[in-house]
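Below is one structure, written out as structure tokens; the observations come after it.
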Amino acid sequence: MTEAAVARFFASPRFAVTGASNDSRKFGYKILAWYVQHSLPVTPINPREQSIKLLARELPTASSPKALPEPAETSLSFVTPPPVTLALLKEAREVGIKAVWLQPGTFDDEVLSYANANFEASIGGDGGLGSEGWCVLVDGEDGLEAAGREWKQQKL
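The following block contains the structure:
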């Protein structure tokens, strides 16, 4: 895990969050909200929901990485259990996604190994500023700066 991988992740023109949720108590909601608050173009991925509501906003979902409009231009954040993460990583690779971020709790050794071997940039595991490893909520703003990306925080 390097800052270069984080910068590469945030250099993408688009983002998506697997495991996006309508439940504001879940990390799938909080991670998605982080992207929206930082004015980043983001697509929630959830096969069981038509859309995710973030207070006054409603974002249409994609059912999987294959359903993303431009997957090769999308960096993908994961907020799913390790077995689901591994299956979605394989699909993400098939559709040309180049950068992935594995939130704490979304990976095991097999998932980390697969991600590190199959993507240009793979963020996950030990490191970052948080006590549980790399997390968009903790390390994201530094990543945006490392990618030279300007942003302003918005209210939801």
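Offset between the sequence shown (1-based) and the numbering used here: plus 55. For each residue, glycine too, the CB sits at the ideal point set by N, CA and C. The structure displayed is predicted, hence computed values, not measured ones.
Would you mind reading off the limits of the alpha helix (DSSP H) that contains residue i?
i: ALA172; result: 164 to 173
i: THR140; result: 137 to 149
i: ARG63; result: 58 to 65
i: VAL91; result: 82 to 92
Going by other Cβ atoms of all chains shown within 10 Å of its Cβ, with 16 needed for buried, is residue i buried or exposed?
i: GLY195; result: buried
i: LYS258; result: For the chain, the structure presents residues 56 to 211; residue 258 sits outside this window and is missing.
What three-state label does DSSP hand residue i in the structure shown?
i: ALA202; result: coil
i: THR98; result: strand
i: GLU104; result: coil
i: LEU110; result: coil
Relative to the C-alpha of residue i, which residue among the options is closest?
i: ASP181; options: PHE174, GLU175 and TRP189; result: TRP189
Between which two residues does the beta strand (DSSP E) holding residue i run?
i: THR73; result: 69 to 73
i: SER76; result: Premise fails: SER76 is in no beta strand (DSSP E) and is neither H nor E.
i: TRP156; result: 154 to 157
Cβ contact (3+ pairs, closer than 8 Å) linking the stretch 130 to 144 and the stretch 106 to 113: no
Sufficient close CB pairs (3 or more, under 8 Å) joining the stretch 116 to 124 to the stretch 68 to 79: Judged by Cβ distances under 8 Å, the stretch 116 to 124 makes contact with the stretch 68 to 79, as three or more pairs qualify.
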